[in-house]
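Residue numbers (the UniProt record's numbering): 1 to 436.
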């Protein structure tokens with residue numbers, strides 16, 4: 001059940017990302033685009049009263065066209081609010097106004113929805129664009145983890161949030177090595193060495209406080225802290241009195257890595273997969289890793305490419321459908337102008353400009369577009385009918401990038417072994433038999 005809820009949440013996040021993209025691209029004339037966000041427990045009556053006051057203010061706008069557009073947008077907002085007796089549990093987001101389309105025509109747009117998790121912002125703005133900053137906050141993963149990778153050559157400070165890695169700071173250090181020489185000065189050399197080690201640990205502890213403690217709240221800005229390194233410094237730091245006790249309480253794990261710096265950071269993320277099992281970055285690596293494993297072992301329980309994946313979906317063979325979140329393919333429902341037969345085609349931007357894709361290959365009849373929908377959106381709406389789980393991946397991780405470039409950003413892990421080549425041959429034979 002948790003998997004189902006997680007999948008639904010991922011789809012909600014993808015829909016919000018898509019909506020933000022569309023809203024940010026929209027532009028209007030004048031200030032007739034209203035962005036209205038109501039947090040949970042806000043009152044609809046309060047907002048209605050405010051909109052009533054705004055009508056009075058808008059009546060004073062000198063430009064007649066702009067005045068009418070603004071008044072029209074406020075009226076649309078009032079009409080849409082009538083559908084709500086109270087603000088939904090997660091708040092309410094409403095965008096309305098007149099936008100200018102690509103061909104220069106004006107079009108009225110009204111979008112209202114309840115976010116998938118509580119939105120804490122309160123906003124009312126009239127502008128020539130929609131304001132989506134508050135929606136971006138919904139996409140941020142709640143969990144942000146800090147990483148300190150420390151060895152004898154230097155230290156790296158980084159964070160991992162969702163599937164986004166960020167290196168905050170790194171610096172190198174030159175520490176004296178242990179040696180038995182020095183005669184009468186041997187003890188002095190040893191003391192100098194210990195002093196430099198001590199100063200290195202102190203500097204790292206001070207920087208950790210600087211990066212992982214929010215000065216405004218005096219509380220850690222990470223959900224947990226991972227200390228990693230190839231020497232004993234990480235343990236020394238975790239037990240040191242100089243290390244901030246607020247951060248000490250946040251230590252989730254102390255791990256040994258073979259490298260320092262960025263390679264050590266990547267290795268630490270992998271070693272802490274258990275601890276960070278809910279972080280999207282690790283889940284994505286694990287999912288695509290499983291997919292690549294099926295391919296390398298040639299189990300036959302994998303599929304890639306639009307056509308093969310859709311065939312396997314229709315057969316109910318796909319267990320996990322994996323799709324790149326920016327897949328730029330549209331699903332066209334086309335009608336043959338002579339026979340009236342409906343044809344489904346999946347085309348990318350380049351193929352859409354080729355007119356031969358909108359003609360029947362045998363009769364050369366025109367194929368009229370009945371419906372055009374993003375393939376991603378179609379998957380989001382229909383995946384449950386095929387009994388599979390839907391996973392959106394990014395191209396930000398190494399595995400994600402390989403999946404997008406090498407496999408076209410679409411594929412699936414199958415429930416059972418299926419040879420798509422044999423399936424294609426059978427389909428061709430059937431077509432041949434029919435023609436006879």
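We put the CB at the ideal spot given by N, CA and C, even for glycine.
Fair warning: this is a prediction, and the values are worked out from it, not measured in the lab.
Query: Alpha carbon to alpha carbon, how far is residue 99 from residue 296? Give it in angstroms, no decimals.; Result: 50 Å
Query: Sort out for me which residues DSSP pairs residue 98 with in a bridge.; Result: 108
Query: Does the distance from the CB of residue 106 to the CB of residue 74 come in under 8 Å?; Result: no
Query: With distances taken from CA atoms, which of 252, 292, 316 is nearest residue 389?; Result: 316
Query: Classify residue 297 as helix, strand or coil using the three-state DSSP reduction.; Result: coil
Query: What is the DSSP secondary structure of residue 220, counted as helix, strand or coil?; Result: strand
Query: Express the C-alpha separation of residue 292 and residue 418 in angstroms, rounding to a whole number.; Result: 16 Å
Query: Does DSSP put residue 137 in a helix, in a strand, or in coil?; Result: helix
Query: Would you mind working out which of 329, 302, 244 sits nearest residue 320, comparing C-alpha positions?; Result: 302
Query: For the segment 17–24 against the segment 61–73, are there 3 or more C-beta pairs whose distance is under 8 Å?; Result: no
Query: Does the segment 30–42 come into contact with the segment 123–134, if we say contact requires no fewer than three beta-carbon pairs (one atom in each stretch) closer than 8 Å?; Result: yes
Query: Could you tell me whether any Cβ in chain C is nearer than 8 Å to the Cβ of residue 409?; Result: Looking for chain C here will not work: only one protein chain is present.
Query: Going by alpha carbons, who is nearest to residue 244 out of 262, 202, 133?; Result: 202
Query: How big is the Cα-Cα spacing for residue 431 and residue 261?; Result: Because residue 431 carries a pLDDT of 39, less than 50, the predicted location of this residue cannot be relied on, and the following value inherits that uncertainty. Rounded to the nearest angstrom, the two C-alpha atoms are 59 Å apart.
Query: Starting from the C-beta of residue 374, find all residues in its chain whose C-beta is less than 7 Å away, skip the five residues before and the five after it, and write them out in chain order.; Result: 330
Query: Let me know the secondary structure DSSP gives residue 404 once reduced to three states.; Result: helix
Query: According to DSSP, what are the bridge partners of residue 159?; Result: 146, 166
Query: Looking at C-alpha atoms only, which residue of 324, 60, 121 is the closest neighbour of residue 42?; Result: 121
Query: What is the rounded straight-line gap between the Cα of residue 332 and the Cα of residue 91?; Result: 35 Å
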